[in-house]
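Heads up, the thing below is written out as structure tokens.
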Amino acid sequence: MARRYWPRLFPSRFLFNRFISSSSAFKAFDPPPSVPHRRVVVTGLGLVTPLGCGVESTWKRLIEGECGVRAITSEDLKMSGFDKETRLHTFDQLSSKVAATVPCGTNSGEFNDAIWLNPKEHRSISRFIGYALCATNEALRCAKWIPTEQAEKEKTGVSIGGGIGSISDITGCVANDFPFFIPRMLINMAAGHVSMKYGFQGPNHAVVTACATGGHSIGDAARMVQFGDADVMVAGGTESSIDALSIAGFCRSRALSTKYNSTPEQASRPFDCGRDGFVIGEGSGILVLESGLRPDQVDYVNAHATSTPLGDTVEANAIRSVFSEHATSGALALSSTKFTKVDRQGGVPWKLRVYNCQSEALKSGNGHCGRIDIK
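Heads up: the sequence shown begins at 1 in the UniProt record's numbering, then just goes up one per residue.
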């Protein structure tokens, strides 16, 4: 019965549109003001990777063909709150026993826990946040940008994302009542701590988009500079997910490499016929990217390919689609050498690698790819 009243309450679309167009009360809006896009350039680089702490250390080992993947032990699972028997049992259940870990210590090229994870200063700083702080420190010094004026701080923003955050704190809370659990695990706390440390008051942004996190963080930051939301953006990603729960989860989904536990340096092999999954890793990368190239102006692509059977095929087809004839012209170099699956933090070390390749006119090879899958 109520349906017969609907036309009275909701006039037809035609009548409603005619009313709007004929009414003098409605006028067309003025077009939005044009905003000139500013060019975004790279001013600073910072890295914490399985090849070393710092851009110089990482780059040196990379061009020498070294690998950051190693065999892991039960001590790498971050289960200090559990007894030895539980740790060993958990380790035995993992089908993948390789990972790309950041070298830690007090020597040159190593991540110093005492500096970046000092519990006396900030018990709320977990490892993925510490990696971001360390990489940011290097990037800002490289750019010579440590602003002291209020106006400069207000126009400096941060866009740092991550994929998982501090999963180890979840497992740790099973055994301990830890009051800093929430601030240690939240993804946005990496960008938050960077802003607080340097007093940045511009946009504060945290992306969580799995393997695309680093690319999205940098893209968002570049647009913020282009449209005038900020003059300077600290952008990148961070990750520290080498722990029992993260590895077990990826093992259950059959995403990790399992055939190369005895030869870990060969486990990551993008585009190779023998690939069987990615290698979990950790680290951080901070930078600002230069943009605005046409496809035929690109001469080097560092692919995301993580040596998963389906993923590499999909990406190879995407590269052909984007670059068309340029992809097979010989003018476009392609590789996907990995020392870790840190693309959730993400993809940033490889953008830094591309920048260095361009700066030094060097294209590094695609390690462990002995027989290319041409499908």
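Where a beta carbon is used, it is the ideal one built from N, C-alpha and C, also for glycine.
| message | Assuming the contact rule is C-beta atoms closer than 8 Å, Ala267 and Val41 should be a hit. Round their C-beta distance to whole Å, please. | response | With 8 Å as the limit, Ala267 and Val41 do not qualify as a contact, their Cβ atoms being about 36 Å apart.
| Identity of the residues DSSP links to His205 by a beta bridge | Ser159
| request: Please say whether Ala135 and Asp47 have beta carbons closer to each other than 7 Å? | output: Before going further, note that residue 47 is Leu rather than Asp in the sequence given. Yes, Cβ-Cβ distance for Leu47 and Ala135 is below 7 Å.
| Span of the alpha helix (DSSP H), counted from its first residue to its last, around Thr115 | The identity of residue 115 in the sequence shown is Ile, whereas the question assumes Thr. Its alpha helix (DSSP H) spans residues Asp113 to Trp116.
| request: Work out the CA separation of Val298 and Thr340 for me, nearest whole Å. | output: For Thr340, the predicted model reports a pLDDT of 47, less than 50, meaning its position is unreliable; a value from the coordinates is still stated below. Rounded to whole angstroms, Thr340 to Val298 spans 25 Å at the Cα level.
| Touch check for the segment 243-250 and the segment 73-80: three-plus C-beta pairs under 8 Å? | yes
| query | How long is the line joining the alpha carbons of Pro203 and Gly157, rounded to whole angstroms? | reply | 5 Å
| said: Checking 7 Å against the spacing of the C-beta atoms, do Asn111 and Cys53 come in under that value? | reply: The question names Asn, yet the displayed sequence has Phe at residue 111. Yes, these two residues count as a Cβ contact at 7 Å.
| request: Please state whether DSSP places Asn261 in a helix, a strand or coil. | output: coil
| field | Residue(s) in a DSSP beta bridge with Met233 | value | Gly157
| Straight-line gap, Ser217 to Asn261 (C-alpha atoms, nearest Å) | 33 Å
| query | How would you label Asn317, buried or exposed, when you count the other beta carbons within 10 angstroms and need 16 or more for buried? | reply | exposed
| Straight-line gap, Gly236 to Ile286 (C-alpha atoms, nearest Å) | 4 Å
| said: With H, G and I counted as helix, E and B as strand and the rest as coil, what does DSSP make of Thr49? | reply: strand
| message | Assuming the contact rule is C-beta atoms closer than 8 Å, Phe271 and Ala305 should be a hit. Round their C-beta distance to whole Å, please. | response | 6 Å
| message | I'd like to know whether the C-beta atoms of Arg38 and Gln226 end up nearer to each other than 7 Å. | response | yes
| For the candidate residues Arg184, Ala210, Phe82 and Ala99, whose alpha-carbon lies nearest to that of Gly130? | Arg184
| query | What do you get for Asn107, buried or exposed, if any count of 16 or more other CB atoms within 10 angstroms of its CB means buried? | reply | exposed
| Taking Cβ to Cβ, would you say Gly277 is nearer than 7 Å to Thr313? | no
| message | Can you tell me whether Asn188 is helix, strand or coil according to DSSP? | response | coil
| query | Since Val208 contacts Ile160 with CB under 8 Å, what's their CB separation in whole angstroms? | reply | About 11 Å; that fails the 8 Å criterion.
| said: Our contact map puts Gly44 next to Ala151 with C-beta atoms below 8 Å; I'd like the distance itself, whole angstroms only. | reply: So it is not a contact: roughly 20 Å between Cβ atoms.
| Cα-Cα separation between Glu315 and Val301, rounded to whole angstroms | 12 Å
| request: Assign Thr58 to buried or exposed, taking buried as 16 or more other Cβ atoms, counted over all protein chains shown, within 10 Å of its Cβ. | output: buried
| query | Given Ala255, which residues of its chain have a CB within under 8 Å of its CB, disregarding the five upstream and five downstream residues? | reply | Gly277, Phe278 and Thr308
| What three-state label does DSSP hand Leu94 in the structure shown? | coil
| said: Quick check: the Cα distance between Arg223 and Lys84, rounded to an integer number of angstroms? | reply: 50 Å
| query | Any idea if Pro264 is buried or exposed, counting beta-carbon neighbours within 10 angstroms, 16 or more meaning buried? | reply | buried
| query | What is the DSSP secondary structure of Thr238, reduced to helix, strand or coil? | reply | strand
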